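There are 2 protein chains.
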Amino acid sequence: MADTDSTEGQADGAGLSSLPDPARAALTFGVMTEINIIAQLSAAAFEAAMPGWSVAHFGVVMHLMRRGDGATPLELARAFQLPKTTMTHTLQVLEKRGLVTMQPNPRDGRSKLVQLTDAGRAWQGQAMAQVARNQAALHERLAPGTLQALAPHLAHLRAVLDAMRDTPTRPG
Amino acid sequence: MADTDSTEGQADGAGLSSLPDPARAALTFGVMTEINIIAQLSAAAFEAAMPGWSVAHFGVVMHLMRRGDGATPLELARAFQLPKTTMTHTLQVLEKRGLVTMQPNPRDGRSKLVQLTDAGRAWQGQAMAQVARNQAALHERLAPGTLQALAPHLAHLRAVLDAMRDTPTRPG
DNA sequence: TCCTTTTAGTTCGATATCGCATAATATGGT
DNA sequence: ACCATATTATGCGATATCGAACTAAAAGGA
């Protein structure tokens, strides 16, 4: 979590990594700040638009929709970088509400296959339409090129954090 | 929530907003994807580095540190774009653990003033040192200029979402 | 084959998140 | 002064998150 009014670390004109240490810390902290708030706001917006459902549900259903062929709980947990216990819980809710089924995985006796039901596909259509409405409103207000500018740098930052997951930095 | 392997909406060379509709949706979805995963990963990294503490605690303490003069719970909730009940809970934990005090607000009988204790300032120092270590590791691996490139666009996106909070788009 | 190690998933318990309802106080109009 | 309305914070209950411990099955080595 981070807040709004951090002392802004203004990028030096050359975009170099030669910022003085406190400025670099402020910049990093500010970026994480914004990312947390954006995640917070977008989750709240989704839940306001689709009462009773969360972005966790939406994400899983979208993933299954794209992959038509079903996925295991662990694959889903990894795709979202979530602990598997969290994914277990999310899937139990989706199953109880009839959007997915969970069958034994024929390839691996320990595993399961999560698949969308017809109700799941129908729900996806409605959720997607609602999200599209929100996105249209967003695009109306957003400066052109904002998302294009963000995408590659976010992907890089995510990849680096992902790689660092296995190399924790702990107190000396 | 969103996952990793979305069909990537590759930015058109001109960076215009004239993307075809499905590509625009994929781009938006992909950006939200990355943002959610980054928030997830950075929160997990903080909690691994400071066991027993969360980014929620860190954010509040940092905010109070910068403002030396204390803040009300509502100000804090707004700074982080969180519901006030969530902030009430976070502050109760911080108070119980001795990092902050909550006194009546002399300016407003309904309100309170949250202030750091000496223990809170000491904790902030330790947490900040730990975060700085993690940031150093991050900067070693990050392409130069990544954060500088992200900062202004994230701030803009956050501002737009913030403004949209009051103008919900609901099913017709 | 037997045994050790790894992997997939769940249960359980602790904590966090957050909507709804409520109490206390402030504000603004008359 | 009085009252209607808005604002600040909290209690409560439902749900979500996630680590630790566990079970079952697979993988790999002797």
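Residue numbers (numbering that gives the first Met the number 0), protein chains in the order written: chain S, 0 to 171; chain X, 0 to 171.
Glycine residues also receive a C-beta, built at the ideal position from the N, C-alpha and C atoms.
Given the structure is predicted, the values throughout are model-derived calculations rather than measurements.
Tell me the rounded alpha-carbon separation between residue i and residue j.
| i | j | result |
| --- | --- | --- |
| S:Pro19 | X:Ala154 | 22 Å |
| X:Arg140 | S:Ala162 | 10 Å |
| S:Val92 | S:Pro82 | 16 Å |
| S:Pro143 | X:Met31 | 17 Å |
| X:Met49 | S:Ala121 | 43 Å |
| S:Ile34 | S:Leu26 | 12 Å |
| S:Gln39 | X:Ala76 | 12 Å |
| X:Trp52 | X:Phe45 | 8 Å |
| X:Thr100 | X:Gln147 | 36 Å |
| X:Ala131 | S:Ala24 | 7 Å |
| S:Asp165 | X:Ala43 | 12 Å |
| S:Gly69 | S:Leu63 | 6 Å |
| S:Gln102 | S:Ile37 | 36 Å |
| X:Ala47 | S:Val60 | 29 Å |
| X:Ala135 | S:Pro21 | 12 Å |
| X:Ala158 | S:Ala55 | 24 Å |
| X:Leu149 | S:Thr145 | 10 Å |
| X:Asp107 | X:Gly58 | 25 Å |
| X:Asn173 | S:Pro151 | This structure does not reach residue 173 of chain X, given that chain X is present from 0 up to 171, and the question cannot be answered. |
| X:Ala126 | S:Gly97 | 44 Å |
| X:Leu160 | S:Gly29 | 17 Å |
| X:Glu94 | X:Thr84 | 15 Å |
| X:Asn133 | X:Arg65 | 21 Å |
| X:Arg109 | X:Thr116 | 22 Å |
| S:Leu112 | X:Gly124 | 47 Å |
| S:Ala78 | X:Leu137 | 22 Å |
Please classify residue i as buried or exposed, where buried requires at least 16 neighbouring CB atoms within 10 angstroms.
| i | result |
| --- | --- |
| S:His88 | exposed |
| S:Ser41 | buried |
| X:Gln129 | buried |
| X:Gln80 | buried |
| X:Pro72 | buried |
| S:Ala192 | Shown here, chain S extends from 0 to 171; a query on residue 192 of chain S therefore has no answer. |
At a CB-CB cut-off below 8 Å, which residues of chain S make contact with residue i?
| i | result |
| --- | --- |
| X:Asp68 | Within chain S, no residue comes near X:Asp68; the closest Cβ sits about 13 Å away, beyond 8 Å. |
| X:Val30 | Leu146, Leu149, Ala150, Leu153 |
Mind checking if residue i is an interface residue toward chain S, Cβ cutoff 8 Å exclusive?
| i | result |
| --- | --- |
| X:Gln39 | yes |
| X:Arg157 | yes |
| X:Met64 | no |
| X:Glu46 | no |
Note down, in chain order, every chain S residue with its Cβ under 9 Å from the Cβ of residue i.
| i | result |
| --- | --- |
| X:Leu26 | Leu146, Gln147, Ala150 |
Check whether chain X comes within 8 Å of residue i, counting only Cβ atoms and requiring the distance to be less than that.
| i | result |
| --- | --- |
| S:Ala118 | no |
| S:Arg96 | no |
| S:Ala131 | yes |
| S:Leu141 | yes |
Across which residues does DSSP place residue i in a beta bridge pair?
| i | result |
| --- | --- |
| X:Gln102 | X:Leu112 |
| S:Asp107 | S:Asn104 |
| S:Ala70 | S:Val113 |
Which residues of chain X have a Cβ atom closer than 7 Å to the Cβ of residue i, listed in chain order?
| i | result |
| --- | --- |
| S:Gln80 | Ile36, Gln39, Leu40 |
So residue i contacts chain X; which residues on that side make the cut at Cβ distance below 8 Å?
| i | result |
| --- | --- |
| S:Thr137 | Checking the sequence shown, residue 137 of chain S turns out to be Leu, not Thr. Under the 8 Å cutoff, chain X gives Thr27, Val159, Leu160, Met163. |
Along chain S, which residues have their Cβ under 7 Å away from the Cβ of residue i?
| i | result |
| --- | --- |
| X:Gln134 | Ala24, Thr27 |
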